[in-house]
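These notes are about the structure you will find just below.
Numbering (my numbering), first residue to last: -13 to 188.
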């Protein structure tokens, strides 16, 4: 039986941003997918197709052995391209009856060094097409787990940079950073934004 918070506000909706298809799987732009894939592993669940044009996985996040008090979450990967992420996310939020304040979006961030995390609520899109689409659908009041990928080297085009796979040097630490981002999401939904920011904004 859902607790009172879930009854009035619905579960948490945790959205990883990326592009669908194996050719994009290792791209910097797909780090949101990587984090929700790891969270699904932690839940012991698997993604399935949903009518909202997203893949979803449901369960409870929290300390192992304390599932009864752990918050219910729906993990989602929009199956449109990045710049249309708002449509599936908005449809899923409406179907779940969750408020924008209970949505967490995980995405790549150019203006943060590789592997560094920044958690926040609200703000601009900073030229990120996925966030632009989400904000046009949801408004700005959703939570964000910003995963730093750094700036492109030299004069490389930004779009080319984020649509390339992480470098071999970056991949040596990628699993650790993805794991830390998943920990940050768990902290956000179980302990609140301020405590999560204190622990993970570095």
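All C-beta atoms, glycine included, are put in the ideal place defined by N, C-alpha and C. Being a predicted model, the structure only gives us computed values, none of them experimental.
_Host beta strand (DSSP E) of residue 2 (start-end)_ = Here residue 2 corresponds to residue number 16 of the chain shown, with the count starting at 1. Per DSSP, residue 2 belongs to the beta strand (DSSP E) from -2 to 2.
*Can you give the Cα-Cα distance for residue 176 and residue 57, rounded to whole angstroms?*
Position 190 of the chain shown holds residue 176. Position 71 of the chain shown holds residue 57. Approximately 7 Å, taken between the alpha carbons.
_Based on DSSP bridge pairs, tell me the residues matched to residue 44._
Working through the chain shown from its first residue, we reach residue 44 at position 58. 60.
*Apart from the five residues just before and just after residue 113, which ones in its own chain have a Cβ nearer than 7 Å to its Cβ?*
Within the chain shown, the letter at position 127 stands for residue 113. In its chain, beyond the 5 residues on either side, no residue has a beta carbon closer than 7 Å to the beta carbon of residue 113.
*From this set, 14, 80, 172, which residue's C-alpha is nearest residue 136's C-alpha?*
As a position in the chain shown, residue 136 is number 150, starting the count at 1. The shortest Cα separation from residue 136 among 14, 80, 172 belongs to 14.
*Please report the residue range of the alpha helix (DSSP H) in which residue 145 lies.*
For the purposes of this step, residue 145 is taken as the residue at position 159 of the chain shown. Unbroken alpha helix (DSSP H) run through residue 145: 144 to 148.
*Just curious, the beta strand (DSSP E) that residue 103 is in, first and last residue?*
One-based indexing of the chain shown puts residue 103 at position 117. Membership of residue 103 in the beta strand (DSSP E) is indicated by the continuous run 103 to 107.
_Measuring CB atoms only, is the region -2 to 16 touching the region 103 to 110, in the sense that at least three cross pairs come out at less than 8 Å?_
No, because fewer than three Cβ pairs between the region -2 to 16 and the region 103 to 110 fall closer than 8 Å, the two stretches do not touch.
*Measure from the alpha carbon of residue 111 to the alpha carbon of each residue in 69, 76, 85, 86, then state which is nearest.*
Counting from one through the chain shown, the residue named residue 111 turns up at place 125. Measuring from the Cα of residue 111, the nearest candidate turns out to be 69.
*Exposure of residue 154, with buried meaning 16 or more beta-carbon neighbours within 10 Å*: Locating residue 154 in the chain shown gives position 168, where the first residue counts as 1. The residue is exposed, with fewer than 16 neighbouring Cβ atoms inside 10 Å.
*Opposing strand residues paired with residue 13 [DSSP bridges]*: What you label residue 13 is simply residue 27 of the chain shown in a count that begins at 1. For residue 13, the pairing in a beta bridge is given by DSSP as 151.
_residue 133, DSSP secondary structure in three states_ = Here residue 133 is taken as the residue at index 147 of the chain shown, counted from 1. Strand at residue 133.
*Is it the case that the Cβ atoms of residue 91 and residue 128 are separated by a distance below 8 Å?*
Position 105 of the chain shown, counted from the start, is the residue given in the question as residue 91. Position 142 of the chain shown, counted from the start, is the residue given in the question as residue 128. A contact, by the Cβ cut-off of 8 Å.
*Per DSSP, residue 95 is paired with what?*
If you number the chain shown from 1, residue 95 lands on position 109. Per DSSP, the beta bridge partners of residue 95 are 134.
*Is it true that the CB of residue 144 sits closer than 8 Å to the CB of residue 0?*
Stepping through the chain shown from its first residue, residue 0 is reached at position 14. Stepping through the chain shown from its first residue, residue 144 is reached at position 158. Against a cut-off of 8 Å, the Cβ pair of residue 144 and residue 0 comes out as no contact.
_Own chain partners of residue 84 with C-beta closer than 7 Å, once the 5 adjacent residues on each side are dropped_ = The residue labelled residue 84 in the question sits at position 98 within the chain shown. Result list for residue 84: -5, -4, -3, -1, in chain order.
*Identify, in the order they occur along the chain, each residue of the same chain with its Cβ nearer than 7 Å to the Cβ of residue 233, setting aside the five sequence neighbours on each side.*
The requested residue 233 does not occur in the structure, where the chain is confined to residues -13 to 188.
_Closest by C-alpha distance to residue 29, when choosing among 147, 21, 45_ = Start at 1 with the first residue of the chain shown, and residue 29 comes out as number 43. The alpha carbon of residue 29 has as its nearest neighbour, out of 147, 21, 45, the alpha carbon of 45.
*Give the straight-line distance between the Cα atoms of residue 24 and residue 184, rounded to the nearest whole angstrom.*
Position 38 of the chain shown holds residue 24. Position 198 of the chain shown holds residue 184. So the alpha carbons of these two residues sit roughly 23 Å apart.
*asked:* With H, G and I counted as helix, E and B as strand and the rest as coil, what does DSSP make of residue 171?
replied: As a first step, residue 171 is located in the chain shown; it is residue number 185 there, counting from the start. Helix, per DSSP.
*Secondary structure at residue 34, three-state DSSP: helix, strand or coil?*
The residue labelled residue 34 in the question sits at position 48 within the chain shown. Secondary structure of residue 34 (DSSP, three-state): strand.
*Write down the C-beta distance between residue 120 and residue 71 rounded to the nearest angstrom, noting that I regard them as a contact closer than 8 Å.*
Along the chain shown, read from residue 1 onward, the residue named residue 120 stands at position 134. Along the chain shown, read from residue 1 onward, the residue named residue 71 stands at position 85. Indeed they touch by this definition, with Cβ atoms about 6 Å apart.
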